[in-house]
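Chemist: Supplied in structure tokens, the structure appears directly below.
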Amino acid sequence: MMVQQFMKEFIMRHLILLFCLLTFITAGCLAQTGCTSKEYSKIESTKNPGLVQKAQDLESFIKNWSFYSEPRMVASGIEGNGLAVIKIPVVVHVLYNSVEQKITEEQVRSQLDVLNRDYRMLNTSVTELPDYFKSLAADCFIEFTPATIDPQGRPTRGIVWKKTNNSYFGSDDGIKFSRRGGDDAWDADRYLNIWVGKLSPGMVGYSSPIGASKEKDGIVLRYSAFGTLGTATAPYNLGRTAVHEIGHWLGLKHIWGDRFCGDDEVADTPPQKGPTPGCPSGVTAAACDNSASGSMYMNFMDVTYDACTNMFTNGQRDRMRALFAEGGPRHALLYSQGSSGPLLPMPVELPVDSFLIQSVIVYPNPADNTITVNTGAAGDLTGDRIRIHNHLGQLVLQSNITAKTMQLNISSFRNGLYYLKIGAKSKAYKLVKASLP
């Protein structure tokens, strides 16, 4: 009887121990399923073994890079400490299967605002940093601007909305290809591609590894973990998923080095036993050296919830900026003209005469310097006037019709959307002026 009682207690104690162990493991796994960049990189490396060598080459490049090469970097301006502000043109590909998933332009802009605050250390939560980490927090002098010129030289608002029949996308990059229900990438040497859509259960986002093909280069985000408005849902409703994934896109590793007390190749991030789940506070005991400061769970490259992350370190800043140095994998972006034009205004619908739409031909459209207006099929319009208004309704050009085919000089127009009208009935044709880079 005593033996049976002993065995029962023995089994119960071990079952409890096993349950606790499984709970711990599950919590750790759940903490890591949000960002699947590491798993994605492993899969891509099996498909393309050359990525392993590129990763090794990147580490050599960064180690040989000097902070003092910064002045040779071409960028938009020099600020207080001598660092150039690097501006990255961004295009957001929105893939939606339902109205709910079709995020708005306001939500896209809210995400860009977060990126610019966090990468410039302008977020208000940085004041909550513990004293022992404050000196390590860095302004990265990196900014993100909406694309205003598309790869074909046409004005754009930097957002592509596309209806898809896919119920969700996985980590197989289907979201990046039109033939698979996604949307094709824009030139990765000129733009940061961000794809947003419904992802497989458990996935929040992932980034392409350095050296990936241009067709796959960029980051992928779940539509409910993007921006701060609309579909953004706690605990990923403050835009920090994009901050984290772009960190990977710029060469940063997870702060724990993706292994127990691993190395993230950054000297000023304390070694950490693993990812930090949830939203902790105070000093945690996850640091490998058992230091009094504990782990840096508020770092953007941990997997802590959005509300509890607020910093990059000086070392992380230098590692990211090294990629833009001459010979680096992001160097070409310094010369991108993707955000060089004015932001295309929101479309304004004006009354249109269907007969004239079919009878009058205006080409090319978009146009650079000159447009041709052919009114031959609309009958004799001699004496009528051609008027062109900008998006504010201001008259910027008018000319009497003297022939069935006329050419108009629009070289002085700013890039953007215009409306061409013929006659006095406010017939309108949308005309796009785009100066080719």
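Heads up: the sequence shown begins at 1243 in our numbering, then just goes up one per residue.
Glycine is no exception: its CB is placed at the ideal position from the N, C-alpha and C atoms.
Model, not experiment: these values are computed from the prediction.
According to DSSP, is residue 1379 helix, strand or coil?
Modeler: strand
Chemist: Rounded to the nearest angstrom, how far is the Cβ of residue 1437 from that of residue 1575, given a contact under 8 Å?
Modeler: In fact, because the Cβ distance is near 18 Å, the residues do not count as touching under 8 Å.
Chemist: Looking only at C-alpha atoms, which of 1584, 1300, 1357, 1350 sits nearest to residue 1328?
Modeler: 1357
Chemist: Excluding five sequence neighbours on each side, which residues of the same chain lie with their C-beta closer than 7 Å to the C-beta of residue 1573?
Modeler: 1566, 1567
Chemist: Could you tell me how far apart the beta carbons of residue 1584 and residue 1675 are, in whole angstroms, since I believe they sit closer than 8 Å?
Modeler: With 8 Å as the limit, residue 1584 and residue 1675 do not qualify as a contact, their Cβ atoms being about 10 Å apart.
Chemist: According to the Cβ coordinates, are residue 1508 and residue 1555 closer than 9 Å?
Modeler: yes
Chemist: Among 1401, 1400, 1416, which one has its Cα closest to the Cα of residue 1407?
Modeler: 1416
Chemist: With DSSP run on the structure shown, which of helix, strand or coil describes residue 1469?
Modeler: coil
Chemist: Measuring CB to CB, does residue 1287 end up less than 9 Å from residue 1451?
Modeler: yes
Chemist: Taking 6 Å as the limit between beta carbons, can you name the residues of its chain near residue 1606, skipping five residues before and five after?
Modeler: none
Chemist: Alpha carbon to alpha carbon, what distance is there between residue 1449 and residue 1481?
Modeler: 15 Å
Chemist: Does DSSP put residue 1300 in a helix, a strand or coil?
Modeler: In the three-state reduction of the DSSP assignment, residue 1300 falls in the helix class.
Chemist: Tell me which residues share the same chain as residue 1623 and place their Cβ nearer than 6 Å to its Cβ, disregarding the 5 neighbours each side in the sequence.
Modeler: 1617, 1643
Chemist: So what does DSSP say about residue 1462, is it helix, strand or coil?
Modeler: strand
Chemist: Please report the distance separating the alpha-carbon of residue 1495 from that of residue 1460.
Modeler: 16 Å
Chemist: With a CB to CB cut of under 6 Å and the five nearest residues on each side skipped, what residues in its chain are close to residue 1631?
Modeler: 1637, 1661
Chemist: Cutting at 7 Å between CB atoms, please list the residues of its own chain near residue 1510, excluding the five before and the five after it.
Modeler: Hits under 7 Å: 1378, 1555, 1556, 1557.
Chemist: Can you tell which of 1625, 1656, 1541, 1569 has the C-alpha that lies nearest to the C-alpha of residue 1302?
Modeler: 1569
Chemist: In its own chain, which residues sit with a C-beta less than 6 Å from the C-beta of residue 1487, not counting the 5 before and 5 after it?
Modeler: Counting only Cβ-Cβ distances below 6 Å, and skipping sequence neighbours, we find 1447, 1449, 1461.
Chemist: Does the Cβ-Cβ distance between residue 1393 and residue 1428 come in under 9 Å?
Modeler: yes
Chemist: Could you tell me whether the Cβ atoms of residue 1380 and residue 1538 are closer together than 9 Å?
Modeler: no
Chemist: Assuming residue 1419 and residue 1441 are in contact, meaning their beta carbons sit under 8 Å apart, how far apart are those beta carbons, in whole angstroms?
Modeler: Not a contact, Cβ separation roughly 16 Å.
Chemist: What are the boundary residues of the alpha helix (DSSP H) that residue 1488 is part of?
Modeler: First-last of the alpha helix (DSSP H) with residue 1488: 1482 to 1491.
Chemist: Compare the C-alpha of residue 1548 against each of 1640, 1384, 1360 and name the closest.
Modeler: Here the closest residue by C-alpha is 1360.
Chemist: Return the CA-CA distance between residue 1546 and residue 1444, expressed in angstroms with no decimal places.
Modeler: 15 Å
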